[in-house]
Amino acid sequence: MSTSFLVKVGQVISLLLILVTIIGCKTSDDNNGNGNSDAVSPIPQDCKANALCRFAAETANRFANQPERTCFRSDTAVDVSESSPDIDLGEDLHAYTSAGGWLDFALRQADSGLETVYQEISALKESSIPWTRAYLYQEHFQKLSTGERTSSVLAGDTDLANLQTGDILAWCKRSWCDGTSTAGSTGYVAVVIDVTPIQRDQVKARLRTTPEDAQFWQVSVVDSSYRVHGSLFTDSLTVIDQRYHSGKLNHASCSLNGGLGAGVIILAQWEDERNEKQWGFLFFNEPNHFFRDSISYGQVHVAFGRPL
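In our numbering, the protein residues as written are 2 to 309.
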């Protein structure tokens, strides 16, 4: 066998490897933000039957096809005009908003039956800020769960074992939980698409201080966030975070990319030595990520609301 023949075979193999690499990269791009697949597919039946969940999933799918039309606005900007939600689902499709701004919008748009829920949530707003920030959702749901507040349109709970499709998930962070903070992220709020209990060994991230007896859930959500979320691929449901999380800012009015879309987060819950609930959260389940919990992260209080 001649040397020239072997050289030619080697060149052919090299070309084939290059083609495989190019195709692989293209496939990866198609599934991570270029809009060739839905964010939630198919929309689960129990989500379709829930007006807020259905609206959230359908909206996330619209932005999965045009992820450059959304990005994240911080809800703690000094100038309120720089952080006020700007969302349009018409011909000029765009969503530049914080998590709380998106939920306010979704409650107004999803179904006429949710108008009273929006009115109740809207009444929580601070006088100087024209939307409900995330920590106020958490506070309201928690107080509903303890009976400190009452509602004819919402039920509140703090036990993640009861979390289900269509719920409004929220948490506060650090001193926002007791209302003493004025800086940094206030927390998080999202619409729940799907909830699945998982085992501790299914969590790849580093569990620095999360106790051995903690319970874990894999939760598919629609939210407005700058954080990269996980994705889910099962026989019955696919959830993909299609948002752009890096590169040139999608819109000058935003603080970060990301924005409105779907993805998967992991939640944890356990009881401390005083038999009080503690919680943790994780946006991206990878070995080099830390699980954020109420011990390592200072303070995390989780609660959720369910429209009645």
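Ideal placement from N, C-alpha and C gives every residue a C-beta, glycine not left out.
- DSSP-derived helix/strand/coil call for residue 272: Taking the sequence shown and counting its residues from 1, one reaches residue 272 at position 271. Three-state DSSP puts residue 272 in a strand.
Exercise for review: Please report the Cβ distance between residue 102 and residue 74, rounded to the nearest whole angstrom; I am assuming they are in contact, meaning their Cβ atoms lie under 8 angstroms.
Suggested key: Counting from 1 along the sequence shown, the entry for residue 102 is found at position 101. Counting from 1 along the sequence shown, the entry for residue 74 is found at position 73. Right, the Cβ-Cβ distance comes to about 7 angstroms (below 8 angstroms), so this counts as a contact.
Practice task
Take every Cβ of the region 98-112, pair it with every Cβ of the region 224-242, and state whether three or more of those distances are shorter than 8 angstroms.
Solution key: yes
Is residue 291 near residue 206, with beta carbons less than 8 angstroms apart?
Residue 291 sits at position 290 when you count from the first residue of the sequence shown. Residue 206 sits at position 205 when you count from the first residue of the sequence shown. In contact: residue 291 and residue 206 (Cβ atoms closer than 8 angstroms).
### Query
If you draw a straight line from the alpha carbon of residue 134 to that of residue 164, how long is it in whole angstroms?
Working through the sequence shown from its first residue, we reach residue 134 at position 133. Working through the sequence shown from its first residue, we reach residue 164 at position 163. Cα to Cα, the separation comes out at about 21 angstroms.
Have a look at residue 192 and residue 53 and give me their C-alpha separation to the nearest angstrom.
By one-based count along the sequence shown, residue 192 stands at place 191. By one-based count along the sequence shown, residue 53 stands at place 52. Distance between the alpha carbons of residue 192 and residue 53: 8 angstroms.
From residue 246 to residue 61, what distance separates their C-alpha atoms? The count along the sequence shown starts at 1 and reaches residue 246 at position 245. The count along the sequence shown starts at 1 and reaches residue 61 at position 60. Those two C-alpha atoms are separated by around 15 angstroms.
Heavy atom of the ligand MN less than 7 angstroms from the Cβ of residue 215, yes or no? Summarising the ligand content, the structure contains no ligands, and the ligand MN is consequently not present.
query = Using a Cβ-Cβ cut-off of 7 angstroms (strictly less than) and excluding sequence neighbours within five positions of residue 295, which residues of its own chain qualify?
reply = Taking the sequence shown and counting its residues from 1, one reaches residue 295 at position 294. Result list for residue 295: 279, 280, 281, 301, in chain order.
Review point. Comparing alpha-carbon positions, which option in 69, 77, 215, 210 lies nearest residue 276?
Key: One-based indexing of the sequence shown puts residue 276 at position 275. Out of 69, 77, 215, 210, 215 has the C-alpha closest to the C-alpha of residue 276.
Keeping to the same chain, check which residues put their C-beta closer than 6 angstroms to that of residue 307; ignore five residues upstream and five downstream.
Counting from one through the sequence shown, the residue named residue 307 turns up at place 306. Counting only Cβ-Cβ distances below 6 angstroms, and skipping sequence neighbours, we find 156, 168.
Range of the contiguous beta strand (DSSP E) that encloses residue 95: To locate residue 95, count along the sequence shown from 1; it is residue 94. Element bounds for residue 95: 95-98.
| residue 114: buried (16+ other C-beta within 10 angstroms of its C-beta) or exposed? | Along the sequence shown, read from residue 1 onward, the residue named residue 114 stands at position 113. Exposed, because fewer than 16 other Cβ atoms sit within 10 Å of the Cβ of residue 114.
Nearest-angstrom beta carbon gap, residue 263 and residue 242 [assumed within contact, 8 angstroms]: As a working mapping, residue 242 is identified with position 241 in the sequence shown. As a working mapping, residue 263 is identified with position 262 in the sequence shown. Indeed, because the Cβ distance is near 7 angstroms, the residues count as touching under 8 angstroms.
| message | Taking its Cβ as the centre, do 16 or more other Cβ atoms sit within 10 Å of residue 131, making it buried, or is it exposed? | response | One-based indexing of the sequence shown puts residue 131 at position 130. Label assigned to residue 131: exposed.
Next item on the list: Reducing DSSP to helix, strand and coil, say where residue 279 ends up.
Entry: On the sequence shown, residue 279 is found 278 positions in, with the first residue counted as 1. Strand.
Q | residue 91 burial status per 10 Å Cβ neighbour count (16 or more: buried) | A | Locating residue 91 in the sequence shown gives position 90, counting from the first residue. Residue 91 comes out exposed.
Problem set entry | Limits of the unbroken beta strand (DSSP E) element including residue 246 | Position 245 of the sequence shown, counted from the start, is the residue given in the question as residue 246. It is not in any beta strand (DSSP E) - residue 246 carries neither H nor E in the DSSP assignment.
query = CA-CA distance, residue 117 and residue 42?
reply = What you label residue 117 is simply residue 116 of the sequence shown in a count that begins at 1. What you label residue 42 is simply residue 41 of the sequence shown in a count that begins at 1. Using only the alpha carbons, I get a separation of about 30 angstroms.
Can you name the residues that DSSP bridges to residue 226?
Taking the first residue of the sequence shown as position 1, residue 226 is located at position 225. The partner list for residue 226 (beta bridge, DSSP) reads 260.
message: Please classify residue 232 as buried or exposed, where buried requires at least 16 other C-beta atoms within 10 Å of its C-beta.
response: Mapped onto the sequence shown, residue 232 falls at position 231. Per the 10 Å Cβ criterion, buried.
What are the complete alpha helix (DSSP H) segments, minimum 4 residues, inside the region 44-68? 46-49, 52-65
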